[in-house]
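One structure below.
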Amino acid sequence: MKPARLTREFFDRSVFAVAPELIGATLLFRGVGGEIVEVEAYHETDPAAHSYGGPRGRNIVMFGPAGYAYVYRSYGIHWCLNFVCEGVGSGAAVLIRALKPVTGLHTMRRRRRTTDERLLCAGPGRLCQALGITGAHYGLALDAPPFELFARTATPAIVTGRRIGITKAVDEPWRYGLAGSRFVSKPFR
DNA sequence: CAGTGGATGCTCT
DNA sequence: GAGCATCCACTGT
Numbered sequence: 008m009k010p011a012r013l014t015r016e017f018f019d020r021s022v023f024a025v026a027p028e029l030i031g032a033t034l035l036f037r038g039v040g041g042e043i044v045e046v047e048a049y050h051e052t053d054p055a056a057h058s059y060g061g062p063r064g065r066n067i068v069m070f071g072p073a074g075y076a077y078v079y080r081s082y083g084i085h086w087c088l089n090f091v092c093e094g095v096g097s098g099a100a101v102l103i104r105a106l107k108p109v110t111g112l113h114t115m116r117r118r119r120r121t122t123d124e125r126l127l128c129a130g131p132g133r134l135c136q137a138l139g140i141t142g143a144h145y146g147l148a149l150d151a152p153p154f155e156l157f158a159r160t161a162t163p164a165i166v167t168g169r170r171i172g173i174t175k176a177v178d179e180p181w182r183y184g185l186a187g188s189r190f191v192s193k194p195f196r
């Protein structure tokens, strides 16, 4: 049977419920993508979150309804993709950090200029480059083209750990990964 | 394997 | 002007 599409209702819950359920789900962008193997949760009262301190500038979409894409530029170079969660005003989102590449491998290799499958989507910036996601896709709905999201068909073993690359709230264990996956951006300890 | 530094552009809890 | 939710190339174990 076909996996169910992820709906806006799926995202309209606590980020701490949604984030682990995204491990094993499938993310396609214009038909290119794969299985989500690593994510991180952020929310408004989290000093490490872009939504910390309230709606303003680039974070506006994080305070809108659940089920939309929050895309931001990282270190002036890379794009990073988040899924907005919870209700209007909550400022919550899940950062998509790594995929196991499954569909459109040739396209991903061309965009990433590497043939190393393990490095195609291992990291939020690499993943957006491989899928062709940019700031032009800020605010797009996740339940309509060019996005296609499918629920996982089995419950995988999940590992958690500290989030990567942040300087605030560094001890919060809000990074989730697929246990044993070689496609994560960094090993889980 | 770990650690370091540069690239680069936007926001400023 | 500082500080990034990063990546890559390079160095040294």
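Residue 8 is where the first sequence starts when you use this note's numbering, and the numbers rise one by one after that.
From the three backbone atoms N, C-alpha and C, an ideal C-beta is built for every residue, glycine too.
What you are looking at is a predicted structure, and each value in this text was computed from that prediction instead of being measured.
| Check | Outcome |
| --- | --- |
| Who are the near neighbours of G38 in its chain, counting only those whose CB is closer than 8 angstroms to its CB and skipping five residues on each side? | T110, G111 and E155 |
| For P131 versus I173, is the C-beta spacing smaller than 8 angstroms? | no |
| Specify the secondary structure class of F157 as computed by DSSP and reduced to three states. | strand |
| Three Cβ pairs or more, each shorter than 8 angstroms: is that satisfied between the segment 16–34 and the segment 149–166? | yes |
| Would the segment 68–82 and the segment 90–97 be scored as touching if the rule is three or more Cβ pairs under 8 angstroms? | yes |
| With a cut-off of 8 angstroms, do at least 3 Cβ pairs link the segment 185–195 to the segment 158–171? | yes |
| Which whole-angstrom value is the C-beta distance of L134 and L106, which I expect to be below 8 angstroms? | 6 angstroms |
| Would you kindly check if the distance between the Cβ of Y75 and the Cβ of C87 is under 8 angstroms? | no |
| Look up A105 in the DSSP assignment and give the residues it is bridged to. | E45 and A129 |
| Contact defined as beta carbons within less than 8 angstroms: I believe A11 pairs with A129. What is the distance between those atoms, to the nearest angstrom? | No, A11 and A129 are not in contact; Cβ-Cβ is about 27 angstroms, not under 8 angstroms. |
| If you follow the alpha helix (DSSP H) that F36 is part of, which residue opens it and which one closes it? | Per DSSP, F36 belongs to no alpha helix (DSSP H); it is in the beta strand (DSSP E), T33 to F36. |
| R182 bridges to which residues according to DSSP? | E47 and G168 |
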